[in-house]
Amino acid sequence: MTVPRRACGLPALFTRALFTPALFTPVLFMIALAGCGGSAPGGPKVDQAYVNAMEVGRDVFDQSHPEQAEGQFQTAYRRALLGDDASAIRDAGYNRAVAQLDADAPEDALATIAQVRRDLALRNAQANVALDAVAMAAYVRTQRYGDAVALADSVSGGAVSGDGGAGRGAGKGQVGHPALDERLLFLRGLAEDGLGRHDALAAIVAAFPAASGTSLLVQADRAELEARLALASGAWKEAGAAARTAIETRRNDLDYRGLARALDCAARAAKGAGDLTQASAYEARAAETRKQLARERTHRPAQETTGSDASRPGGSASGQATESAVRSP
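full-length UniProt numbering puts the sequence shown at residues 1 to 329.
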């Protein structure tokens, strides 16, 4: 089963009008496929059931219904297994893991990733780095920080060493794609902070792209890591300033899970500075954001998908991201 890749102007893997989060809602980006029409004369036939499941899944994911999307991607995955198609297995498995992570089911996402890797290995194929980024986000979400760092080492060859020193090629594009390199570096920074290895966190901040001229996502990621590093050293004023920058930028980027994390950082900075009233306010705001996130996921009615395909998640079988694979862990 060979599915033609879209040639209708869709952006490459992981472009999303949303991550709406990804988590984005908080989120990650979906892989889109399918050709603009039917099979080419004399060419391989399209498995339309697979294509339909992937497209419907992407549509409902865009409408903030990750649980429904997951079911569609599971259907697509089964079709890929039926056709013994490694490329389709990789794409459908990735999308399913993204949907599970967005639905706040990181353990399910990790189980899916493990299955994808097994099924690809049977066919002498490999998972791509985008799938590793999803796994790292799931590890961070479940506070398995050591696993996240170990995976980062295996993917990038040790961009930042475990003892906090700069390893080989720190921040120099170990994966080879700037957007994915940034995402992996950010996730590793969260993991190192979770492990209390602040020398390593400092090395990551030093290697991180400068905020000027970068996307809102990169600006917010850098501000959050700077806030965490300042918190670790007790620099409450600097931590508060960086956290406020992260709050504003996450809000502007519609990354609400990331916004809640930034509010947490601001609360810690205010508490450290002795401003308990302000700390309590930040904590309440973070709790409200998380509450509304959960409520929206549960109660948001289905909507018509608006906009052209060019504004929706898109992708290719290569797995090379042009946007981040995982917006907010």
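Ideal Cβ placement from N, Cα and C applies to all residues, glycine included.
| field | Cβ neighbour criterion (16 or more within 10 Å) applied to Ser64 | value | buried
| field | Reference Ala137; option with closest CA among Ala127, Val149 and Ala267 | value | Val149
| said: Buried or exposed, going by whether 16 or more other CB atoms sit within 10 Å of the CB of Gly196? | reply: Result: exposed.
| message | Going by DSSP in three states, Arg222 sits in which element: helix, strand or coil? | response | If DSSP states are grouped into helix, strand and coil, Arg222 belongs with the helices.
| With a Cβ-Cβ cutoff of 8 Å, do Arg250 and Ala242 count as a contact? | no
| Residue nearest to Leu225 in terms of C-alpha spacing, selected from Asp85, Arg183, Asn252 and Leu254 | Arg183
| request: With a cut-off of 8 Å on the beta carbons, I'd call Ile247 and Ala266 a contact; round off their distance for me. | output: 6 Å
| said: Considering only the alpha carbon of each residue, which of Arg285, Tyr145 and Leu276 lies closest to Asp264? | reply: Arg285
| Is it true that the CB of Leu217 sits closer than 8 Å to the CB of Asp193? | no
| query | Between Thr112 and the rest of its own chain, which residues show a CB-CB distance below 8 Å, the 5 nearest in sequence each way excluded? | reply | Answer for Thr112: Gly93, Arg96, Ala97 and Gln100, listed in chain order.
| Cβ neighbour criterion (16 or more within 10 Å) applied to Pro329 | buried
| field | Alpha-carbon spacing of Arg228 relative to Val140, whole angstroms | value | 15 Å
| said: So the candidates are Gly189, Asp221, Ala152 and Gly146; which of them puts its Cα closest to the Cα of Ala232? | reply: Per the Cα distances, Gly189.
| field | Where Arg144 falls: helix, strand or coil (DSSP) | value | coil
| message | Just to confirm the assignment: which complete alpha helix (DSSP H) runs, minimum length 4, are found wholly within the stretch 45 to 72? | response | 48 to 62
| Should Glu107 go down as buried or exposed, given a rule of 16 or more other Cβ atoms within 10 Å for buried? | exposed
| request: Would you kindly check if the distance between the Cβ of Lys237 and the Cβ of Ala273 is under 8 Å? | output: yes
| query | Which term fits Glu70, buried or exposed, when burial requires 16 or more other beta carbons within 10 angstroms of its beta carbon? | reply | buried
| request: Indicate whether residue 330 and Tyr50 have their beta-carbon atoms separated by less than 8 Å. | output: In the structure displayed, the chain extends from 1 to 329; residue 330 sits before or after that span and is not available.
| said: What ranges does the alpha helix (DSSP H) occupy inside the stretch 219 to 296, keeping only unbroken runs of at least 4 residues that lie completely in it? | reply: 236 to 252 and 256 to 272
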